[in-house]
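*Asks:* In this note's numbering, the protein residues as written are 1251 to 1417.
Just so it is clear, CB atoms sit at the ideal spot from N, CA and C, and this is done for glycine as well.
Nothing here was measured: the structure is a model prediction, and the numbers come from that model.
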Amino acid sequence: MPDGRPLPEQRNTEGHLHVRGAAVVERYFGETARAVDEDGWFATGDLAKIDDAGNLQITGRAKDLIKSGGEWINPAEIEAVVSALPEVSLAAVIGRSDPKWGERPILLVELREPRASDAMLLDPLKGKVANWWIPDAVVRLESMPLAATGKIDKLRLRAEYGAGPAT
């Protein structure tokens, strides 16, 4: 859970990953504040699941979650489906401000096939994610912005596209 309390059910349930042990940082370089809680747990910022065999799978980043109408949407699950489409080169999902729901997901794509319709990109999500997770809009980008790490620059995408639809 985001507040550090253990999930009631540990298997096959997504939660916020906290770790502790001898190899876990106690504080960041140059900082006086501890990076761990009073019990030594470090909040990684990752979302994760543990399967029945005890394998840990990172499922996304907590800061990427979208809160829509009081419910959480995990963009990584949407991105995995859309990124697997042959028409798509890169895909990202961010939350866009919405007056009714707080936030709603939008899909940003760099396409291999420029004629791909919104339906071609969104229909594969049906039956794989909840209907209310399906993005409200598709934004086509000539080139997906990348951070210095080579990963999609979601901070830039949120800054440019997260404020809400143009009026």
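Note the first and the last residue of the continuous beta strand (DSSP E) segment covering Pro1355.
*Replies:* Locating residue 1355 in the sequence shown gives position 105, where the first residue counts as 1. Element bounds for Pro1355: 1352-1361.
*Asks:* Could you say if the segment 1368-1377 and the segment 1298-1311 meet the contact criterion of at least three C-beta pairs nearer than 8 Å?
*Replies:* No contact exists between the segment 1368-1377 and the segment 1298-1311.
*Asks:* Buried or exposed: which applies to Thr1417, given that a residue is buried once 16 or more other Cβ atoms fall within 10 Å of its Cβ?
*Replies:* Residue mapping note: residue 1417 aligns to position 167 of the sequence shown, counting from 1. Any reading at Thr1417 needs caution, since the residue's pLDDT is 45, under 50, leaving its predicted position unreliable; the model's value is listed next. Exposed is the call here.
*Asks:* For Lys1378 and Ala1409, I'd like the C-alpha separation in whole angstroms.
*Replies:* Numbered from 1 along the sequence shown, position 128 holds the residue referred to as residue 1378. Numbered from 1 along the sequence shown, position 159 holds the residue referred to as residue 1409. Lys1378 and Ala1409: Cα-Cα distance of roughly 28 Å.
*Asks:* Which first and last residues belong to the beta strand (DSSP E) in which Ile1328 is found?
*Replies:* Residue 1328 sits at position 78 when you count from the first residue of the sequence shown. Looking at the DSSP string, Ile1328 is not in any beta strand (DSSP E); the run it does join, the alpha helix (DSSP H), is 1325-1333.
*Asks:* I'd like to know whether the C-beta atoms of Arg1284 and Arg1277 end up nearer to each other than 8 Å.
*Replies:* Your numbering for residue 1284 matches position 34 in the sequence shown. Your numbering for residue 1277 matches position 27 in the sequence shown. Yes, they are a contact pair.
*Asks:* Where does the unbroken alpha helix (DSSP H) through Asp1368 begin, and where does it stop?
*Replies:* Reading the sequence shown from its first residue, position 118 is the one you call residue 1368. Residues 1368-1372.
*Asks:* Out of Arg1354, Tyr1411, Val1331, which one is the CA nearest neighbour of Ile1323?
*Replies:* Counting from 1 along the sequence shown, the entry for residue 1323 is found at position 73. Nearest C-alpha to Ile1323: Arg1354.
*Asks:* What are the residues that DSSP puts in a beta bridge with Ile1300?
*Replies:* One-based indexing of the sequence shown puts residue 1300 at position 50. DSSP, once it has assigned bridges, lists Arg1261, Leu1306 as partnering Ile1300.
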